[in-house]
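In case it helps, full-length UniProt numbering puts the sequence shown at residues 1 to 1170.
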Amino acid sequence: MDRPDLRLQAREDLILRRNTKKMQPVIFCFWNHLRWWRRGPKGYRSLVTRSKRWKSSGQQVEMSRNKRWRVQVIILIWQHRRAPWRSIAGPNVFLSWNCRGLGRPRAVQELVCMVQTHRPKVVFLSETRQNQGFVENIKWQIGLRGCLAVNGIGKGGGIALFWDESVNVTIKSYNLRHIDAVITEQNQDPWRATFVYGEPKAQDRHLMWTLLRRIKQNTSDPWLMIRDFNEAMWQSEHLSQNRRSETQMREFRSVLSDCDLHDLGFHGIPWTYDNMQRGDRNVRKEEHIRYQRQQTMRYEEVWERESSLPEVIQSAWSDGNAITNLGDISAKMKNTMCKLSRWSKEKIGNVRKKIAALRDKLRECRSMGSLDSDVQVRQIKKELEELLHREEIWWKQRSRIMWLKEGDRNTRYFHLKASWRSRKNRKCNRENQNFCALKLDLSKAFDHVDWQFLDGVMERMGFCDKWRSWIMACVTSVQYNVRFNGHLLEPFSPTRGLRQGDPLSPYLFLLVADGLSNIIKSNESEGLIQPLKVCRRAPGISHLLFADDSLLFFKADTEQASRIRDVLQMYESSTGQLINPSKCSMLFSDFCPQQHQEDIKRILGVTNSSFEEKYLGLPTPEGRMKAGQFQPIKDRLSKRMSDWNEKYMSSGAKDVLIKSVAQALPTYTMGIFKMTDKFCEEVSQMIRNFWWGHEKGEKKVHWIAWEKITSPKIHGGLGFRDMKCFNQALLTKQAWRLITTPESLCARVLKAKYFPSGSLLDTAFPTVSLPTWKGVQYGLDLIKQGIIWRRWWHRKDDAEEVLKIRLLECQPDDFPAWHLEKSGLFTVKSACRLAWNLSNHGRSDASSSDAPSDRLPTWDNKRKRNIERQGICQICGSSVEDGFHATVACPRAKALREAIREIWHLPPENKFVNSGPDWLLLLLDGSNEEEKAHTLFTLWRAWHCRNEIIHGKEMSPIASSVNFLMNYEDCTLMTRQQPDDVKGKGPMFVETHIQRQLNEKQVSKWQTPPEGVAKLNVDAGFKPDTGETGAGIIIRECRGLVLLASCKKLPRCSSAMQAEALACLEGIRLATEWVNMPLILESDNASVVAKLNATNVSRADWSGIISDVKAAMLCLVQVQVHRIKRDSNKIAHALAQLVMGSGTNAVWRLCSPAEILDLLNQECNPLFSH
């Protein structure tokens, strides 16, 4: 009996070595084989070693395909130049083959042929399917005298190992799935070899993983592992419609990591055959039964898949005479069915035979190395899907029971069928509204920019001649040199193109790309191109440009396709750009006829009829977003972490890598899509394992719960991101953009689609929607917790807070603001903090409290986790070692404190008391910053000394620890950043004491304004408890003469920024009334100055006052706003304190009060400056 069809798999047998100091290179061969289709698709790979001790003079890869048995044999011959392999006369070869049964003579002949061709020293066979005696007799035919054969179970299984007499093989263990041996060659060191045939059942593979871990623990020799494991490491190595289990692959990667096994790579064809067997269908062989009576002809629903069916029925019914009686009707129906039957045989034919033919064709393409991305393979798959769908319809119609029971009754089934017909009619109507999308690919976009066109665009846009000459000088001044035979030839200048990497080039290219946009808009306005609308109210979209990536949308007919072709030809001839049709791709609507698609692709010269899996770095959403579409992110993160050797990293280094790399990798995708809970948990698990690390294949203890580590630092955590909260915070940013920028194209399209008659915050959305909109909805759940509307809002309901609210004069419209930031603007950081607070709301105090916890790996904590049997301190042996004992109560820790007290000032010894879990907080309470730092340094050094003693190092003297702490403090002070540098972007080194004294002497002075300009200095006094506010204002001219001085009591305010903004408003009003000249406004409040100079809309609670100030500034000739230091604003500050003390309002014209005369003389008269 012939074998059944074979199914696609990525069968790459794993050749593994363990990386040890005694590692020696070996020479091996491996092969890829096929499995029965009933086993399902599986993928395999070979692991690559990263050991620098593996040296080779050359690699030779041989691959042969046995057409009879449909197997692949891949042989890697590794010849070495270093000892102890110098004595080897030729390369050693190890052959591994899944023979699928040795009972056939041809299988034995193939084995003999491979052995004679490659002359291996060791041969491993799996699935021999023969008894021990039969297999042992084969050793005489292949010429390998050593043999170990293991019987299988029943008619399956069976493994065998053959070796040459020149190799000494000692069998350590064996069973049905493995043979473990120690191999020793002449005058060489022994090494371990394990020959494996993995468990075919997924539920039993943990037994193989346990076996490998046990073998690893019992050997320290170099280790080579040959054969397959029936498992893949990454999803990308598995090519099938069904995705592999991530849990199984993760367990496989874990056992490889625990055993310290690494990949040696492979060469050859990684994929085998695919018969496109659908896993969700039971296929059976039809039995043709001959009936004595004539077979009745029936109407087939599958005929409706052909567009020519109505024409055939109309033609058949029109033939013959006119209808006069029921007999004529019966004759016409019979004639019509006969013609339909003949038409069906010609047009549709035997669906099952066509399916089998397409599967053979697809299998042939696979064997020639074609991938899924090839056009021919995609076309075959598309035709195969259509035929499978027709087969489904054919079988469904033959289940006659549904019509016999329910088809003729007025039941729910009848209404469902009527609804189906209604949907079918709507489908036909939609066929007239078919659209398509064209993705353009520009060939060397920057290199083909025409300079003359670029200059003409800038001239048309209104740039002046001088500016254009500057820009074109930067563009045309480029020169190139060619190095030929080591010598540079004469430079030459190009005639077109923009330099790659030049920061100016992307902006200039946008001017060129704007030409395409203008041409399309012109054709759209003339009605020559019909834009795409997602719904009736949505704006039309004809093109989207992302730098050199462009998407064009138009109606799917030949007329508009021809117009698009003319537009592109005009754009190419004008700008010098070249479009590569072979790399362009098109996407059609679901109901677009196949003939129309072919005509449009022919007109545009496009061959690709589908988009790539990724576009602009994001997965292309097709229906529901599945977890597998985010698998490349996890694979990339896992590969990154495998490159990091956490064993030699400090906690600080791992902290930086996790925050800046590991948790930043999925940021781009998480800002668009809602990730599944499983994805977030798996990413967090990978980060957890990297943070805690592993040693000798065993994972280390997780001393603190991950929820505690992901807490903010203010709550005692390390500030690691909770991936689920971070995902929601990023999606909240998208929702915030829709609220604050409703005029954007994205906001208008989504509003027309999902909330045409309401607002984003108060609309109930449908459950069925696109993946991107589901992400926006996920962000809306969080934004509703943090958004407020600025106008009458206040944080408390008491009268004092209400009195601090200032009513604006202009009464602007309400606007949304983010109350978690003082600026009112949304930030992902604050949203992530809000999401974390909401997710931790309701948890027990023990999991979210700020109290410190004893999580040091002391002997007592190890005893509690059943790691050690006793918790007594190993240094003093007097008491149980907990965190307090190890760092404070141990005699060696006490001796360190006594010695360091001679240099540093520490808290009194009677405060070092174990008062409970919060003993450290009580100890540091009441100490100054220097005492806190010295105390923590001392405790840290005591713990370090304790670890050195525990791990068998020589005990260091107390004096050396004291010297270390002193030097460490000096180094820390030199690299300590400024205390007020929250973001860590301050100077790396602090100023020395001498430099600080020199800077303090150079006190900032008030600078006189230019001639003809007045300078206005303002400052506000503010009492936070009562909200009382006062303003100090002074206006001086270029010689320092006072034009106006004022101190005025202002209305109550809720913040210092609001008070400063009111002081600026009062100063501008006084200047408008009394000063008729250009003005410079100076304030020492950076936030207010930044808001006055900003052009965007402010959303702070005092943003209305900023609007009033800007409106008042329009009444002056010219106003500049500057920020100055407090030392340069002493007079305005003195006037503000004057009104806060006396409570009186006063204005002085061309004079000043006596309280500020000394300050005026110091600032304006050089004689008083010293």
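Backbone N, C-alpha and C fix where the C-beta goes; we use that ideal spot for every residue, glycine too.
Because the structure is a prediction, the values reported are computed rather than measured.
From CYS365 to LEU125, what distance separates their C-alpha atoms?
-> Walking along the sequence shown from the start, residue 365 turns up at place 365. Walking along the sequence shown from the start, residue 125 turns up at place 125. If you take the alpha carbons of CYS365 and LEU125, they lie about 29 Å apart.
Just list the alpha helix (DSSP H) runs in the segment 870-904, keeping only unbroken ones of 4 residues or longer that don't cross its boundaries, in chain order.
-> 891-900
Stretch-stretch touch, CB-based, cutoff 8 Å, three pairs: the segment 522-535 with the segment 451-470 = no
Less than 8 Å between the CB atoms is what I'm expecting for SER494 and TYR480, so what's the real figure, rounded?
-> Counted from its first residue, the sequence shown places residue 494 at position 494. Counted from its first residue, the sequence shown places residue 480 at position 480. Here the sequence assigns Pro to residue 494, which means Ser is not the residue at that position. With a Cβ gap of about 7 Å, PRO494 and TYR480 count as contacting.
Using the beta-carbon count (16 or more within 10 Å), is THR324 buried or exposed?
-> To locate residue 324, count along the sequence shown from 1; it is residue 324. The residue is exposed, with fewer than 16 neighbouring Cβ atoms inside 10 Å.
Among HIS238, TRP234, SER236 and MET208, nearest to MET225 - alpha-carbon criterion | Here the question's residue 225 lines up with position 225 in the sequence shown. Nearest option by C-alpha distance: MET208.
Straight-line CA distance for VAL512 to GLY486?
-> Stepping through the sequence shown from its first residue, residue 512 is reached at position 512. Stepping through the sequence shown from its first residue, residue 486 is reached at position 486. Near 38 Å, if we compare the C-alpha coordinates of GLY486 and VAL512.
Name, in chain order, the residues that DSSP records as bridge partners for HIS118.
-> As a position in the sequence shown, residue 118 is number 118, starting the count at 1. Paired residue(s): none; HIS118 is not in a bridge.
Rounded to a whole number of angstroms, what is the C-alpha to C-alpha distance between CYS474 and ASP548?
-> On the sequence shown, residue 474 is found 474 positions in, with the first residue counted as 1. On the sequence shown, residue 548 is found 548 positions in, with the first residue counted as 1. The straight-line gap from Cα to Cα measures roughly 21 Å.
How about ALA556 and CYS436: are their beta carbons less than 9 Å apart?
-> Translated into positions along the sequence shown, residue 556 becomes position 556. Translated into positions along the sequence shown, residue 436 becomes position 436. Closer than 9 Å, so yes.
Are the CB atoms of TRP943 and THR1029 nearer to each other than 9 Å?
-> Counting from one through the sequence shown, the residue named residue 943 turns up at place 943. Counting from one through the sequence shown, the residue named residue 1029 turns up at place 1029. Going by C-beta atoms, TRP943 is not nearer than 9 Å to THR1029.
Kindly indicate which three-state DSSP category PRO1078 falls into: helix, strand or coil?
-> The count along the sequence shown starts at 1 and reaches residue 1078 at position 1078. PRO1078: coil per DSSP, three-state reduction.
Cβ pair ASN434, PHE553 closer than 9 Å | Counting from one through the sequence shown, the residue named residue 434 turns up at place 434. Counting from one through the sequence shown, the residue named residue 553 turns up at place 553. Result no, Cβ atoms of ASN434 and PHE553 do not sit closer than 9 Å.
Coarse secondary structure for TRP209, derived from DSSP in three states | Within the sequence shown, numbered from 1, the residue matching residue 209 stands at position 209. Taken through DSSP and simplified to helix, strand or coil, TRP209 comes out as helix.
What are the complete alpha helix (DSSP H) segments, minimum 4 residues, inside the segment 451-532?
-> 451-460, 465-476 and 505-525
Given a threshold of 16 other Cβ atoms within 10 Å of its Cβ, counted over all protein chains shown, does ASN861 qualify as buried or as exposed?
-> Here residue 861 refers to the residue found at position 861 when the sequence shown is read from its first residue. So ASN861 ends up on the buried side.
Alpha helix (DSSP H) containing ILE579: first to last residue?
-> Working through the sequence shown from its first residue, we reach residue 579 at position 579. Counting along the chain, ILE579 falls outside any alpha helix (DSSP H), and DSSP gives it neither H nor E.
Please report the residue range of the alpha helix (DSSP H) in which GLN685 lies.
-> Position 685 of the sequence shown, counting from 1, holds the residue named residue 685. Its alpha helix (DSSP H) spans residues 677-692.
Around the Cβ of HIS543, are there at least 16 other Cβ atoms within 10 angstroms (buried) or fewer (exposed)?
-> In the sequence shown, counting from the first residue as 1, residue 543 sits at position 543. So HIS543 counts as buried.
Can you tell which of ASP180, PHE755 and PHE252 has the C-alpha that lies nearest to the C-alpha of ASP221?
-> In the sequence shown, residue 221 corresponds to position 221, counting from 1. Each of ASP180, PHE755 and PHE252 was checked against the Cα of ASP221, and the nearest Cα belongs to ASP180.
Three or more C-beta pairs closer than 8 Å, one from the segment 732-750 and one from the segment 759-775: is that the case here?
-> As far as the Cβ criterion goes, the segment 732-750 touches the segment 759-775, which means the pair count is three or higher.
Which whole-angstrom value is the C-beta distance of ILE541 and LEU528, which I expect to be below 8 Å?
-> Mapped onto the sequence shown, residue 541 falls at position 541. Mapped onto the sequence shown, residue 528 falls at position 528. In fact, because the Cβ distance is near 16 Å, the residues do not count as touching under 8 Å.
Sort GLY693, PHE673, TRP1148 and MET570 by Cα distance to LEU730 and report the nearest one.
-> Numbered from 1 along the sequence shown, position 730 holds the residue referred to as residue 730. Considering only alpha carbons, the answer is PHE673.
For TYR754, collect the residues of the same chain with a Cβ closer than 8 Å to its Cβ; drop the 5 residues on either side in sequence, then sort them by chain order.
-> By 1-based counting over the sequence shown, the position of residue 754 is 754. These residues qualify, in order along the chain: THR763, PHE765, PRO766, SER769 and TRP773.
Alpha carbon to alpha carbon, how far is ASP502 from ALA356? Give it in angstroms, no decimals.
-> Residue numbering aside, residue 356 sits at position 356 when the sequence shown is read from its first letter. Residue numbering aside, residue 502 sits at position 502 when the sequence shown is read from its first letter. Between ALA356 and ASP502, the alpha-carbon positions lie close to 56 Å from each other.
Put TYR413 into one of helix, strand or coil per three-state DSSP.
-> Looking up residue 413 in the sequence shown gives position 413. With a pLDDT of 44 at TYR413, under the threshold of 50, the predicted position of this residue should be treated as unreliable, and no value is reported.
Report yes or no: do three or more beta-carbon pairs, one from the segment 1018-1037 and one from the segment 1068-1079, lie closer than 8 Å?
-> Touching, yes.
Selected residue, minimal CA-CA separation from MET686, among PRO712, MET675, MET723 and ASN168 = Walking along the sequence shown from the start, residue 686 turns up at place 686. For the residues PRO712, MET675, MET723 and ASN168, the minimum Cα distance to MET686 belongs to MET723.
Quick one: Cα of ASN670 to Cα of ILE783, how far?
-> As a first step, residue 670 must be located in the sequence shown, where it is residue number 670. As a first step, residue 783 must be located in the sequence shown, where it is residue number 783. Asn is not the amino acid found at residue 670; the sequence shown has Met there. MET670 and ILE783: Cα-Cα distance of roughly 17 Å.
Beta-carbon contacts of LEU856 that lie in its chain and below 6 Å, excluding the five residues immediately before and after | Along the sequence shown, read from residue 1 onward, the residue named residue 856 stands at position 856. Answer for LEU856: GLY883, listed in chain order.
Could you tell me if ILE714 is buried or exposed, where buried requires 16 or more neighbouring beta carbons within 10 angstroms of its beta carbon?
-> Stepping through the sequence shown from its first residue, residue 714 is reached at position 714. With fewer than 16 other Cβ atoms within 10 Å, it is exposed.
Is the segment 182-189 close to the segment 146-158, with three or more CB pairs under 8 Å?
-> no
Have a look at ILE348, PRO666 and PHE492 and flag the residue whose alpha-carbon is nearest the alpha-carbon of LEU388.
-> Within the sequence shown, the letter at position 388 stands for residue 388. If we check each option's Cα against that of LEU388, ILE348 comes out closest.
Cβ neighbours of ILE903 in the same chain (closer than 8 Å, five flanking residues each side left out) = Position 903 of the sequence shown, counted from the first residue, corresponds to residue 903. Closer than 8 Å at Cβ, skipping near neighbours: VAL962 and MET966.
Could you name the residues of the same chain whose beta carbon sits closer than 6 Å to that of ASP408, not counting the 5 residues immediately before and after it, in chain order?
-> Position 408 of the sequence shown, counted from the start, is the residue given in the question as residue 408. Low per-residue confidence applies at ASP408: pLDDT is 42, beneath 50, and the placement is therefore not dependable enough to give any value.
Bridge-paired residues (DSSP) for SER96 | Taking the first residue of the sequence shown as 1, we reach residue 96 at position 96. According to DSSP, which records beta bridges pairwise, SER96 is partnered with PHE124.
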